[in-house]
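Data first, discussion second: the structure below is written as structure tokens.
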Amino acid sequence: MIHKDEIILKPLLDEDIPLFNEWLNKDYIYKWLCPDGEGQRDAWLDEVNNRNDEYDFMKHFIVYYKDRKIGYCLYADCFFLKDFEEEGHDFESLYGDVPEKNHTYEIGYLIGEEEYLNRGIGKIIIRKLEEKIIGLGGHEISADPSEENTVSIKVLLSNGFKKKSDGDYRKAIGGM
């Protein structure tokens, strides 16, 4: 069993982008992260390549197990995300109710190395992202999985998320 202390989140670096791209191209990841095709894949790459500029409200991480890079995750302040336009996402309808900066954060994650699937790592990643968001003073965490992505939904529910509507799962955190 993998212990939570063995999973470390480190900021994504330029040198990690080719590996992230490789993971995006894997069928079991591509179908969930790029359901609308290549334009969505390009948007992901644009996001990580411009993470310090126009996307600085998103924080991207590489997930390490021991010293091996095995996955990716992020959080984004939904106050900024709600005005963001991306094919396949209606962030305004999802997050139009977010009242202020540093209130609600969307998370996302993937396990890029197949041998680490179904080992509880997704649950650990969510907990670690939650700790970071609590540290920022956030009040709510959100995730927008496809309703067909039952594995991800089960992991979210097991971490205390509640379904608000299709593709909108939320969890109150911090001092609410």
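For the sequence shown, full-length UniProt numbering begins at 1 and goes up steadily by one. Yeah, the Cβ is synthetic: ideal placement off N, Cα and C, and Gly gets one too. Computed from a predicted structure; not experimentally measured.
Within the same chain, Ile124, Arg127 come within 7 Å of Lys4 by CB-CB distance, once the 5 residues on both sides are set aside. Taking one beta carbon from each stretch, the region 112-121 and the region 32-52 have fewer than 3 pairs nearer than 8 Å; the two do not touch.
One thing to note: Phe20 has its Cβ no nearer than 9 Å to the Cβ of Val63. For the pair Ile7 and Ile121, the CB atoms are nearer than the 9 Å cut-off. If you draw a straight line from the Cα of Ile70 to the Cα of Val155, it is about 18 Å long. In the DSSP annotation of this structure, Pro99 is not part of any alpha helix (DSSP H), being labelled neither H nor E. Cβ atoms of Lys132 and Tyr75 come within 8 Å of each other, at about 7 Å. By the 16-neighbour rule on beta-carbons within 10 angstroms, Ala172 is exposed. Straight-line spacing of the CA atoms in Lys101 and Ser142 works out to 14 Å. DSSP lists Tyr105 as the bridge partner or partners of Asp77. Counting along the chain, the unbroken alpha helix (DSSP H) around Ser158 starts and ends at 150-158. When only Cα atoms are considered, Tyr95 and Met1 end up about 36 Å apart. Taking the Cα of Glu140 as reference, the smallest distance to any Cα among Thr104, His60, Lys31 is reached at Thr104.
In this structure, DSSP gives Arg68 an extended state, which the three-state scheme calls strand.
Under the DSSP assignment, Arg127 falls in the alpha helix (DSSP H) whose first and last residues are 121-136.
In this structure, the CA atom of Leu24 is about 7 Å from the CA atom of Leu33.
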